[in-house]
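As structure tokens, the structure follows; a few thoughts come after it.
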Amino acid sequence: MTYEQALAYIHSRNRLGIKLGLDRMRALLELFGAPHLKYQAIHVAGTNGKGSTTALVGAVLKEAGYKVGKFTSPHLSSYCERLSINGRPITPERLAVLVRQVQPVVEKAALDPTIGHPTEFEFGTLLAFQYFAEEEVDFGLFEVGMGGRLDATNVLSPLVAGISHIALDHQEYLGKDLVSIAKEKAGVIKPGIPVVIGLQAAEANTVLKTTAQERQVPYYTVGEEIQFLLERMDLAGIHLMLKWKAEPPCRLRVNLYGTHQVANAALAFGLLQVIKERGFSWNRHDLQQGFAKVAWPGRMEYFPGPPALLLDGAHNPDAIIALAHGLVQLFPEAKFRLVMGVLDNRPVEMMAMLLTSVLGENLRQVYATVVPDGKSAPSLRTARSFQALGVNTVAFDKPLLALKTALSDLEAGELLVVTGSLYLIGYLRPFVLELFTDQSGRNSGGS
């Protein structure tokens, strides 16, 4: 089986759509000898910040000498990014071998009507479980795909669970309000397994704490047992203080941008403290080095140029607000041009309103485009959302043309921001890397 054939097989699962539930995963994992139980798992749910949190935890554990697997979704440019060990994605050749090993077992199991065919996400999760077991990792970091209670990753019995910031997203599956969504995310809270709760709105916080209390789970909360203080944010990253319970505070630099990353760093810090309390060592030097070296491309990834450009995969209102405020704080004197494409199920009009209200007159022009995956909002819908707010906007049905036009229009003192979807960022990032052959994005880890 070639890499291309392996990808085709994985993506063929997409026709099965989204099927929330755990019975099929449990049945399949039993056939593979329970690979998900052969290493220490760290399970992170939440709407925004899961990837940054797991990247931070993984970077510190790597510094401490552990072998760390990480399963994330979606990817930017290559499916291989979803399965990585110590920051290195699985090779195309290894992925093809893995799919060839797993496929016949899955196909045979699918003949049993009580099991059936796994979805694309379930199959990817199974690949990660098996890959990390074969590679004998010490830790497996797993991001929830959607929700938590019925997500394929929730078959785990982790060392610790974490829940990053919860916001409105995937409402057609998880519920129409924050309380309903928080109840789904709280499904990762299990008896006997400590949970670290990230910074939350009051109603989400209440749901998570109540669930932990009902299940008699030890829980630690950002803002309570985990204290944080942002000292400053500049182009070198975030400079902050973090404190665990009664221990002395740590002064750290985090190689990420945006004040929202302060809460993610605090959540990662709390997870690491619980990991230490459960018998796995790391020291302050590991913490400082891991946070300073962390790489998370496509999330406020800055190319100083010229031309100056920033990539951010903000794809819901909560993330858009974080992006807009981060831009104003990092670049207080700049004017902005925006290339934006969003998926059709996103509240485009609200996202446009939030960006416009924060950036104001500093938003010079928007280049509305599409997300190249077939589920995009029309570029004209995005364009009209900004035009209704008085923003000069032009529509493009080809993302690369939108980017090239925006770059050619860029003037001194202006920053081009590409946002709206991680899929759009993944599509355009290879071109950006080619354009900036002599520099990698700040906070990208040089990749």
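Numbering (the numbering used here), first residue to last: 660 to 1106. Glycine is no exception: its CB is placed at the ideal position from the N, C-alpha and C atoms.
At a Cβ-Cβ threshold of 8 Å, Leu889 and Val921 count as neighbours. Taking a 10 Å sphere around the C-beta of Gly851, we find fewer than 16 other C-beta atoms and assign the residue as exposed. Approximately 31 Å separates the beta-carbon atoms of Gly929 and Arg1088; this is outside 8 Å, ruling out the contact. Cβ neighbours of Lys904 within its own chain (closer than 6 Å, five residues either side excluded): Glu884.
The alpha-carbon separation between Met1012 and Ala723 amounts to approximately 44 Å. Here the C-alpha atom of Glu1008 lies approximately 33 Å from the C-alpha atom of Ala927. Under the three-state reduction of DSSP, Asp971 is assigned to coil, being neither helix nor strand. Measuring C-alpha to C-alpha distances from Leu818 to each of Lys844, Pro853 and Ala1047 identifies Pro853 as the nearest. The three-state reading of DSSP puts Ile934 in helix, counting H, G and I together.
Val716 and Ser940 have their C-alpha atoms some 13 Å from each other. A residue is called buried once 16 or more other Cβ atoms fall within 10 Å of its Cβ, and Ala820 is buried on that count. Here the alpha carbons of Arg891 and Asp1068 stand approximately 32 Å from one another.
About 7 Å separates the beta carbon of Val1001 from that of Val1030, a gap short enough to meet the 8 Å contact definition. The Cβ-Cβ distance between Ala845 and Gly807 falls below 8 Å.
Ranked by how close their Cα comes to the Cα of Gly972, the residues Ile669, Ser736 and Ile744 have Ser736 in first place.
For the pair Leu894 and Arg996, the CB atoms are not nearer than the 8 Å cut-off. Just measuring C-alpha positions, the residue of Leu1060, Met660 and Lys1063 sitting nearest Leu754 is Met660. Annotated three-state conformation of Thr1078 is strand, per DSSP.
By the CB criterion at 8 Å, Val1017 and Val987 fall inside the cutoff. The C-beta distance from Leu1022 to Val1050 rounds to 6 Å, short enough to meet the 8 Å contact threshold.
Ranked by how close their Cα comes to the Cα of Ala924, the residues Leu1066, Thr880, Glu992 and Val814 have Thr880 in first place.
For Leu818, no alpha helix (DSSP H) segment is defined, and its DSSP state is neither H nor E. For Ile856, the enclosing beta strand (DSSP E) has its first and last residue at Val854 to Ile856. Listed in chain order, the beta strand (DSSP E) runs fully inside the segment 932-1016 are 960-962, 968-970 and 994-999, counting runs of at least 3 residues. Counting the other CB atoms within 10 Å of its CB gives Arg1005 a total of 16 or more, which places it among the buried residues. For Gln886, the pairing in a beta bridge is given by DSSP as Lys902. The alpha-carbon of Ser671 is positioned some 38 Å away from that of Asn864.
Proximity of the segment 777-787 to the segment 686-705 meets the contact definition, three or more beta-carbon pairs being nearer than 8 Å.
Per DSSP, the beta bridge partners of Lys729 are Ser743 and Leu800. In the three-state reduction of the DSSP assignment, Glu1073 falls in the strand class.
In this structure Ala1047 is exposed. Its beta-carbon is surrounded by fewer than 16 other beta-carbon atoms within 10 angstroms. Straight-line spacing of the CA atoms in Phe691 and Gln760 works out to 10 Å. Residue pairing by DSSP puts Pro748 in a beta bridge opposite Ser743.
For the set Phe962, Glu1070 and Ala1071, the Cα lying nearest the Cα of Phe1090 is the one of Phe962. The beta carbon of Gly728 sits closer than 6 Å to the beta carbons of Ile744, Phe791, Val796 and Gly799 from its chain, once the five residues preceding and following it are set aside; these are given in chain order. In this chain, the beta strand (DSSP E) harbouring Gln699 covers Gln699 to Ala704.
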